[in-house]
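*Asks:* These protein sequence lines map, in sequence, to chains V and W.
Per this note's numbering, the first sequence starts with residue 1, numbered consecutively.
Per this note's numbering, the second sequence starts with residue 1, numbered consecutively.
Each residue gets a CB set at the ideal place from its N, CA and C atoms; glycine is no exception.
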Amino acid sequence: MKDLFDNIPDGPLADKWTKYKAEAKLVNPSNRRNIDIIVVGTGLAGGAAAASLGEMGFNVKAFCFQDSPRRAHSIAAQGGINAAKNYQNDGDSTYRLFYDTIKGGDYRSREANVYRLAEVSANIIDQCVAQGVPFAREYGGLLDNRSFGGVQVQRTFYAKGQTGQQLLIGAYQALSRQIHKGTVTMYNRHEMMEIVKIDGKARGIIARNLITGAVERHSAHAVVVASGGYGNVFFLSTNAMGSNVTAAWKSYKSGAHFANSCYVQIHPTCIPVTGDHQSKLTLMSESLRNDGRIWVPKKKEDSQAIAKGEKTALDIAEDDRDYYLERRYPAFGNLVPRDVASRAAKERCDAGFGVNKTGQAVFLDFADAIARFGKDGVEARYGNLFQMYEKITAENPYEMPMKIYPAIHYTMGGVWVDYNLQTAVPGLFAAGEANFSDHGANRLGASALMQGLADGYFVLPYTISNYLADDIRTGAISTEHTEFEQAEKNVQDRLDFFMNNKGTKTVDYFHKKLGKVMWEKCGMARNKQGLEEAIVEIKAIRDEFWKDVKIPGVQNSFNQELEKAGRVADFIELGDLMCRDALNREESCGGHFREEHRTEEGEAMRNDDDYAYVAAWKYKGDNETPELHKEDLKFENIELKQRSYK
Amino acid sequence: MNITLKVWRQNGADDKGRIVEYKMSDISPDMSFLEMMDVLNEELITKGDDPVAFDHDCREGICGMCSMYINGEPHGPEDLITTCQLHMRSFKDGDTIYVEPFRAAAFPVIKDLVVDRTAFDAIIQVGGYVSVNTSGNTQDANSLPVPKADADKAFDAATCIGCGACVATCKNSSAMLFTAAKISHLALLPQGKVEAQERALNMVEKMDELGFGNCTNTGDCEVQCPKGISLENIALMNREFLGASLKSEK
Numbered sequence: 001m002k003d004l005f006d007n008i009p010d011g012p013l014a015d016k017w018t019k020y021k022a023e024a025k026l027v028n029p030s031n032r033r034n035i036d037i038i039v040v041g042t043g044l045a046g047g048a049a050a051a052s053l054g055e056m057g058f059n060v061k062a063f064c065f066q067d068s069p070r071r072a073h074s075i076a077a078q079g080g081i082n083a084a085k086n087y088q089n090d091g092d093s094t095y096r097l098f099y100d101t102i103k104g105g106d107y108r109s110r111e112a113n114v115y116r117l118a119e120v121s122a123n124i125i126d127q128c129v130a131q132g133v134p135f136a137r138e139y140g141g142l143l144d145n146r147s148f149g150g151v152q153v154q155r156t157f158y159a160k161g162q163t164g165q166q167l168l169i170g171a172y173q174a175l176s177r178q179i180h181k182g183t184v185t186m187y188n189r190h191e192m193m194e195i196v197k198i199d200g201k202a203r204g205i206i207a208r209n210l211i212t213g214a215v216e217r218h219s220a221h222a223v224v225v226a227s228g229g230y231g232n233v234f235f236l237s238t239n240a241m242g243s244n245v246t247a248a249w250k251s252y253k254s255g256a257h258f259a260n261s262c263y264v265q266i267h268p269t270c271i272p273v274t275g276d277h278q279s280k281l282t283l284m285s286e287s288l289r290n291d292g293r294i295w296v297p298k299k300k301e302d303s304q305a306i307a308k309g310e311k312t313a314l315d316i317a318e319d320d321r322d323y324y325l326e327r328r329y330p331a332f333g334n335l336v337p338r339d340v341a342s343r344a345a346k347e348r349c350d351a352g353f354g355v356n357k358t359g360q361a362v363f364l365d366f367a368d369a370i371a372r373f374g375k376d377g378v379e380a381r382y383g384n385l386f387q388m389y390e391k392i393t394a395e396n397p398y399e400m401p402m403k404i405y406p407a408i409h410y411t412m413g414g415v416w417v418d419y420n421l422q423t424a425v426p427g428l429f430a431a432g433e434a435n436f437s438d439h440g441a442n443r444l445g446a447s448a449l450m451q452g453l454a455d456g457y458f459v460l461p462y463t464i465s466n467y468l469a470d471d472i473r474t475g476a477i478s479t480e481h482t483e484f485e486q487a488e489k490n491v492q493d494r495l496d497f498f499m500n501n502k503g504t505k506t507v508d509y510f511h512k513k514l515g516k517v518m519w520e521k522c523g524m525a526r527n528k529q530g531l532e533e534a535i536v537e538i539k540a541i542r543d544e545f546w547k548d549v550k551i552p553g554v555q556n557s558f559n560q561e562l563e564k565a566g567r568v569a570d571f572i573e574l575g576d577l578m579c580r581d582a583l584n585r586e587e588s589c590g591g592h593f594r595e596e597h598r599t600e601e602g603e604a605m606r607n608d609d610d611y612a613y614v615a616a617w618k619y620k621g622d623n624e625t626p627e628l629h630k631e632d633l634k635f636e637n638i639e640l641k642q643r644s645y646k
Numbered sequence: 001m002n003i004t005l006k007v008w009r010q011n012g013a014d015d016k017g018r019i020v021e022y023k024m025s026d027i028s029p030d031m032s033f034l035e036m037m038d039v040l041n042e043e044l045i046t047k048g049d050d051p052v053a054f055d056h057d058c059r060e061g062i063c064g065m066c067s068m069y070i071n072g073e074p075h076g077p078e079d080l081i082t083t084c085q086l087h088m089r090s091f092k093d094g095d096t097i098y099v100e101p102f103r104a105a106a107f108p109v110i111k112d113l114v115v116d117r118t119a120f121d122a123i124i125q126v127g128g129y130v131s132v133n134t135s136g137n138t139q140d141a142n143s144l145p146v147p148k149a150d151a152d153k154a155f156d157a158a159t160c161i162g163c164g165a166c167v168a169t170c171k172n173s174s175a176m177l178f179t180a181a182k183i184s185h186l187a188l189l190p191q192g193k194v195e196a197q198e199r200a201l202n203m204v205e206k207m208d209e210l211g212f213g214n215c216t217n218t219g220d221c222e223v224q225c226p227k228g229i230s231l232e233n234i235a236l237m238n239r240e241f242l243g244a245s246l247k248s249e250k
């Protein structure tokens, strides 16, 4: 099935974006104010896009489900943002950032998109500094950098362990400035419920006001979905509680493809699960791997003694410790990419070397770093992370090594987009984590912030203008079209169903059940049998959900259970698609590890001959099997190699 | 652990509201406070009652969305954390815990423990930014060195999460610490210095207009701030505000 056109400009890789910008169609300033753009989500991608499009003079309507655009989950990103500035003179360049990102993504991303990302990365740092983002600086007053996993240069800019917060506040402030000027209208506490298409083009959304419960129609000439990732399909993840797939999923159901949904990033350094009450998992920044050393005991009896509380990490002699990342990957050591580090932790824990009572934890040890920099030096680098760890676990990481375990963190898959970040539905764009485009099968650390801001500040303003240039004579889009009426009715029917269903089980009951299936059978390691079982189990969860879900309260009011019900309904459908995608991909690459496909040493084994493509699935109906469409990935500038960090 | 919760229930802004008691048993000390609230809500829904509405999102202390007033303190008894980072091990078996919304005239209750804090957004909208547009040709980030001490101080002020604890704890419901944190974050950096005085004037004026009270230097805001934002910021804001007022023709 060939209906995926990547729309990549001709010419040499390094010239494509320059050429695109030079040739892109424009909308003249006096026409911009008559053109409406809806942006769903106000994180780095959505917030930056809404602010930039507002500055250009378009009439922007921005939506977020939180009580303020400042709370989007980009705010929780800790470690940093990459940019090919080469301030450290260690051999960095646009090409090297491009190369590292393609390699880090295990050769499953699109060259042209990634090159553009690397190219605009330097602008992002300039822009953010101009906005007043307080990045870390050296004593000479210039910007400081640190290292991140999977690379051998120092290109990561940071603001202590709160880089996402500082960048998001920068975008939020730029957005606030436009709200004040009247170019952006902000809809807080609103959830997008449906995409509205007229004559095949995205022309609006149906949203629910989460305070009053009112179902509202909003029209526009183009719609941007920047609603983040879908990690919460696993119930337990490092995502915020409200993070959801609904806007992306409605895009899929309205004709956009959902691509590579099996590529899920499992972050190696999170605080382990403590019990059934757990509602979310907390990440410890990857930056900790700059100075922390990961290990488990060499002897199983030591691990068991620690798990039982008979010994602590401090009782294990240096010779009895297995620094397994340094042992297996001497070239990158503790700074191997996330997928590699996560699988290595799972391998040790599955073999019985885990160091807590669940057997699912490894040590992250700062004793050497404290000896080198002193406690104050470590505190200056990671103070807030250490404090966060201590608050959650009641253990002091300056004295006792941290215990960590991998957790769901980021989703590389998402809505399929072309070079314009446009989906298969004309006028419907997807940006940031919500799209699939830049990270292939595995995202490198500090690249999510880079992509969100690149899409929002520097890509969408050009590509949306290019699209809207044909819309200057369209005039305002009426919300009286039958398409709006129908979409609103669909939303209303679904809400009515939830409120009237005489079920007995809470939404969380289903969400946890789904999460368990996903984690066990479509998590860190997958196999054919497990995935086939998962598809059957998810079907059963779906049937039970629609029969037995119980929603309290009333519809036309603030009703958090009703919000969750809609989101979980979409997660259940997504779970099915993820298992199908994982089943289809008979290879191991990046975050997708099929147990049937590994080397003798247990490393992931790609199959470039048969699977060097983007798997973009098309929705065919609620009870139909989705259709697989393939976009072949062409590597013209990079030679495909077995990824090695040894 | 067994605990007794006394929770503020209020069905919308027009409802008078009341305290309702709930008995909780088998609470694990490893649970976060919000996970304990999740357990309560699961029980309420299963019984056919309306669950307690409360705001929360990231559950790792950075988004600023959670906002409960617990035993008379915003974000509960521990220092330098938000409610989502509070764990049940901070309480004792048999404790009675009062849970109320953040109260301030400028933060009307939406439901139960959920309040409307959009007044904070309104303060930022009148000047809490550097007036620079997106462009691919701003000057190089390193062309303007910033003394590390200034950058660090700006960062400390910029760590405000906009939760509203400072307003909730203040007897005057003043938003001075919130407003001052933004004014000094930007005034300390060369990029934000140009508009510093005008920014202070506009933001303070907006703050007054929205019904936040005055500052009487009791300093409770600093004590209760989950990010430890310093009172020094208020002094810096006053300097900018005074300078602006002297020059202003308003």
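What's the call for V:Asp-126, buried or exposed, on a 16-neighbour Cβ count within 10 Å?
*Replies:* The residue is buried, with at least 16 neighbouring Cβ atoms inside 10 Å.
*Asks:* Residues in its own chain within less than 6 Å of V:Tyr-20 by CB, not counting five upstream and five downstream?
*Replies:* Cβ neighbours of V:Tyr-20 beyond the five flanking positions: Pro-9.
*Asks:* Can you tell me whether W:Ser-174 is buried or exposed? The criterion is at least 16 other CB atoms within 10 Å of its CB, across all chains shown.
*Replies:* W:Ser-174 is buried by the Cβ-count criterion.
*Asks:* Just to confirm, are V:Gly-150 and V:Gly-104 a CB contact at a threshold of 7 Å?
*Replies:* Yes.
*Asks:* Could you pull the DSSP bridge partners for V:Arg-208 from this structure?
*Replies:* Answer is V:Glu-191, V:Val-215.
*Asks:* May I ask you to list, following chain order, the residues of the segment 542-570 of chain V that have a beta carbon less than 8 Å from some beta carbon of chain W?
*Replies:* Hits within the stretch, in order: Lys-550, Pro-552, Gly-553, Ser-557, Phe-558, Gln-560, Glu-561.
*Asks:* From this set, V:Asp-610, V:Met-400, V:Glu-586, which residue's C-alpha is nearest V:Lys-311's C-alpha?
*Replies:* Nearest option by C-alpha distance: V:Met-400.
*Asks:* Considering only the alpha carbon of each residue, which of V:Val-40, V:Ser-109, V:Phe-157, V:Tyr-107 lies closest to V:Lys-85?
*Replies:* Per the Cα distances, V:Phe-157.
*Asks:* Pull up the DSSP beta-bridge partners for V:Met-59, would you.
*Replies:* In the sequence as displayed, the identity of residue 59 of chain V is Asn instead of Met. DSSP output for V:Asn-59 lists V:Asp-36 as bridge partner(s).
*Asks:* Which two residues bound the contiguous alpha helix (DSSP H) that contains W:Met-207?
*Replies:* Note, W:Met-207: alpha helix (DSSP H), 196-209.
*Asks:* Quick check on this structure: which residue in V:Phe-386, V:Ser-243, V:Leu-468 has the alpha carbon closest to the alpha carbon of V:Phe-58?
*Replies:* It is V:Leu-468 whose Cα lies nearest to the Cα of V:Phe-58.
*Asks:* Residue range of the beta strand (DSSP E) that V:Lys-627 falls in?
*Replies:* Note that residue 627 of chain V is Glu in the sequence shown here, rather than Lys. Counting along the chain, the beta strand (DSSP E) containing V:Glu-627 begins and ends at 627-632.
*Asks:* How is V:Asp-581 classed by DSSP in three states: helix, strand or coil?
*Replies:* Reduced to three states, the DSSP call for V:Asp-581 is helix.
*Asks:* At the level of alpha carbons, what is the spacing between V:Tyr-611 and V:Asn-260?
*Replies:* Cα to Cα, V:Tyr-611 sits roughly 11 Å from V:Asn-260.
*Asks:* Given a threshold of 16 other Cβ atoms within 10 Å of its Cβ, counted over all protein chains shown, does V:Glu-537 qualify as buried or as exposed?
*Replies:* Buried, by the Cβ-count rule.
*Asks:* Please list, in chain order, all residues of the same chain as V:Pro-52 whose beta carbon is under 6 Å from its beta carbon, the five residues on each side excluded.
*Replies:* First, the amino acid is wrong: residue 52 of chain V is Ser here, not Pro. Same-chain partners within the cutoff: Tyr-457, Pro-461.
*Asks:* Who does W:Pro-74 pair with in a DSSP beta bridge?
*Replies:* Beta-bridge pairing links W:Pro-74 to W:Tyr-69.
*Asks:* Could you name the residues of chain W that V:Ala-226 contacts, counting a contact when the two beta carbons are closer than 7 Å?
*Replies:* Those do not exist, as V:Ala-226 stays about 15 Å from chain W at its closest Cβ, beyond 7 Å.
*Asks:* Nearest to V:Lys-641 by CA position, among V:Ala-22, V:Val-27, V:Ile-266, V:Tyr-99, is which residue?
*Replies:* The candidate whose alpha carbon is nearest that of V:Lys-641 is V:Tyr-99.
*Asks:* Under 6 Å Cβ to Cβ from V:Ile-75, same chain only, skipping five residues before and after it: list those, please.
*Replies:* Only Gly-164, Gln-165, Leu-168 meet the Cβ criterion.
*Asks:* Do you know how far the Cα of W:Thr-83 is from the Cα of W:Gly-136?
*Replies:* Approximately 40 Å between the Cα atoms of the pair.
*Asks:* Please state whether DSSP places V:Ile-125 in a helix, a strand or coil.
*Replies:* Correct three-state label for V:Ile-125: helix.
*Asks:* Show which residues of chain V have a CB atom less than 7 Å away from the CB atom of W:Met-31.
*Replies:* Under the 7 Å cutoff, chain V gives His-277.
*Asks:* Can you grab the Cα-Cα spacing for the pair V:Ala-351 / V:Ser-303, in whole Å?
*Replies:* Computed Cα separation, rounded: 11 Å.
*Asks:* Any idea what DSSP makes of V:Tyr-107, helix, strand or coil?
*Replies:* If DSSP states are grouped into helix, strand and coil, V:Tyr-107 belongs with coil.
*Asks:* V:Arg-643 by DSSP, collapsed to three states: which one?
*Replies:* The answer is coil: DSSP assigns V:Arg-643 none of H, G, I, E or B.
*Asks:* Could you tell me the alpha carbon to alpha carbon distance between W:Ala-119 and V:Phe-65, rounded to whole angstroms?
*Replies:* Using only the alpha carbons, I get a separation of about 17 Å.
*Asks:* Report yes if the C-beta distance between W:Arg-88 and W:Met-24 is below 7 Å; otherwise report no.
*Replies:* The residue asked about is misnamed: residue 88 of chain W is Met in this sequence, not Arg. Not in contact: W:Met-88 and W:Met-24 (Cβ atoms no closer than 7 Å).
*Asks:* Would you mind telling me which residues of chain W sit closer than 9 Å to V:Gly-182, beta carbon to beta carbon, in chain order?
*Replies:* Neighbours of V:Gly-182 on chain W: none; closest Cβ ~11 Å, over 9 Å.
*Asks:* If we call anything under 7 Å between Cβ atoms a contact, is V:Ala-202 one with V:Glu-216?
*Replies:* Against a cut-off of 7 Å, the Cβ pair of V:Glu-216 and V:Ala-202 comes out as no contact.
*Asks:* Is it right to say V:Glu-480 is buried, meaning 16 or more other beta carbons lie within 10 angstroms of its own, or is it exposed?
*Replies:* Classification for V:Glu-480: exposed.
*Asks:* Hey, is V:Ser-134's beta-carbon within less than 7 Å of any beta-carbon in chain W?
*Replies:* Before going on, a small fix: residue 134 of chain V reads as Pro here, not Ser. Cβ-Cβ to chain W under 7 Å: yes for V:Pro-134.
*Asks:* In the structure shown, what three-state DSSP assignment does V:Val-491 receive?
*Replies:* DSSP places V:Val-491 in helix when its eight states are reduced to three.
*Asks:* Note down the Cα distance separating V:Pro-12 from V:Tyr-115, rounded to an integer number of angstroms.
*Replies:* Rounded to whole angstroms, V:Pro-12 to V:Tyr-115 spans 11 Å at the Cα level.
*Asks:* Taking V:Ser-279 as the reference, which of V:Ile-392, V:Asn-82, V:Gly-427 has the closest Cα?
*Replies:* Taking only the C-alpha atoms, the option nearest V:Ser-279 is V:Ile-392.
*Asks:* Could you check the C-alpha separation between V:Phe-148 and V:Arg-155 for me, to the nearest Å?
*Replies:* Rounded to the nearest angstrom, the two C-alpha atoms are 8 Å apart.
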